[in-house]
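In what follows, a structure is listed as structure tokens, so that the remarks can point back to it.
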Amino acid sequence: MRISHLGHACLLVEAAGSRVLIDPGTFSTGWEELSNLDAVVITHQHPDHVDVEKLPALLESNDGALLRAEPETAASLADSRLGDDGDVDLAAFHPGEVLQLGAVTVRAVGGQHALIHPEVPRVGNTGLVISAPGEPVLFVPGDAYDTTPEGVDVLALPLNAPWATSAMTIDFLRAVAPSVAAVPVHDALLSATGRKGYLANIGRLCSGVDIRDDGGHGVHEF
699 MRISHLGHAC
709 LLVEAAGSRV
719 LIDPGTFSTG
729 WEELSNLDAV
739 VITHQHPDHV
749 DVEKLPALLE
759 SNDGALLRAE
769 PETAASLADS
779 RLGDDGDVDL
789 AAFHPGEVLQ
799 LGAVTVRAVG
809 GQHALIHPEV
819 PRVGNTGLVI
829 SAPGEPVLFV
839 PGDAYDTTPE
849 GVDVLALPLN
859 APWATSAMTI
869 DFLRAVAPSV
879 AAVPVHDALL
889 SATGRKGYLA
899 NIGRLCSGVD
909 IRDDGGHGVH
919 EF
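Position 1 of the sequence shown, counted from 1, bears residue number 699 in my numbering, the numbering being contiguous throughout.
Listed below in structure tokens is the structure:
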């Protein structure tokens, strides 16, 4: 499995001959010119996870790529100009459902975004468990720490967010306990110095986990 971190929450996952782009949002770069995608999957509706202005052009240049999104997000996209394009295979991705892309299985889990503040309405959030024969199991939680599937080898770990504390991040990493590594994501709000501080704290308190630091943008081979 090859995971390209394209900044913040955006990941290109290549496994068993399939290419899946996750959360192409406004805080990420380098995904706009991608080709040969089999699917684009969006965990939730916040702009840092889906750039509604640039997404149509990406899909146009990836004819045949499936677009699957958390149900509220899918409904919103259907109401946008994407809904007028009959060539886009757009569907809601509900928790419990499975998307099969050749030998790659993408399973939807979770269901709700983490609480930012009691006065901020919570939206849907669909986490993703990605697996294929002979490949590590990848868990991409989106914006939530409340789902901890078993058997995770690689965790895309949200490092910083308005809805998270360091204590929450550490407890989540301990609960998931990825057997191979954690890849820090969701980090665009941090300075370089702040990011190092977060990682140092997590590394000290989760010493049994291999944390693959890419500086916020890099490629990982598993």
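In this text, a Cβ means the ideal position worked out from N, Cα and C, and glycines have one as well.
Around the C-beta of residue i, are 16 or more other C-beta atoms found within 10 angstroms, so that it is buried, or is it exposed?
i      : result
Ala859 : buried
Ala898 : exposed
Gly902 : Residue identity differs from the one stated: residue 902 is Arg in this sequence, not Gly. Answer is exposed; the Cβ neighbour count stays below 16.
Ala865 : exposed
Leu813 : exposed
Gly895 : exposed
Hey, quick one: how far does the alpha helix (DSSP H) through residue i stretch, first residue to last?
i      : result
Leu775 : Pro769 to Asp777
Leu836 : Where Leu836 is concerned, there is no enclosing alpha helix (DSSP H), although the beta strand (DSSP E) it sits in stretches over Leu836 to Val838.
Ala812 : Segment: none, Ala812 is in no alpha helix (DSSP H) and carries neither H nor E.
Enumerate in chain order the residues of its own chain whose CB-to-CB distance from residue i is below 7 Å, with the five nearest sequence positions on each side excluded.
i      : result
Asp787 : Leu764 and Leu765
Gly800 : Ala714, Gly715 and Ser716
Ser724 : Correcting the residue type first, residue 724 is Thr in the shown sequence and not Ser. Result list for Thr724: Pro745, Asp746 and Asp749, in chain order.
Mind checking which residues open and close the beta strand (DSSP E) that includes residue i?
i      : result
Ala737 : Ala737 to Ile740
Arg798 : The amino acid occupying residue 798 in the given sequence is Gln; Arg does not appear at that position. Unbroken beta strand (DSSP E) run through Gln798: Val796 to Leu799.
Does DSSP put residue i in a helix, a strand or coil?
i      : result
Leu780 : helix
Ala707 : coil
Glu758 : helix
Leu765 : strand
Within a Cβ cutoff of 6 Å, which residues of the same chain sit near residue i, ignoring the five residues on either side of it in sequence?
i      : result
Val840 : Residue 840 is actually Gly in this sequence, not Val. Closer than 6 Å at Cβ, skipping near neighbours: Thr741, His742, Asn823 and Gly825.
Report whether the distance from the Cβ of residue i to the nearest heavy atom of the ligand FAD is below 6 Å.
i      : result
Val739 : As far as ligands go, the structure on display features none, and thus does not contain the ligand FAD.
**Study point:** Complete runs of the alpha helix (DSSP H) confined to the segment 843-908 [at least 4 residues]
**Key:** 864-874 and 890-903
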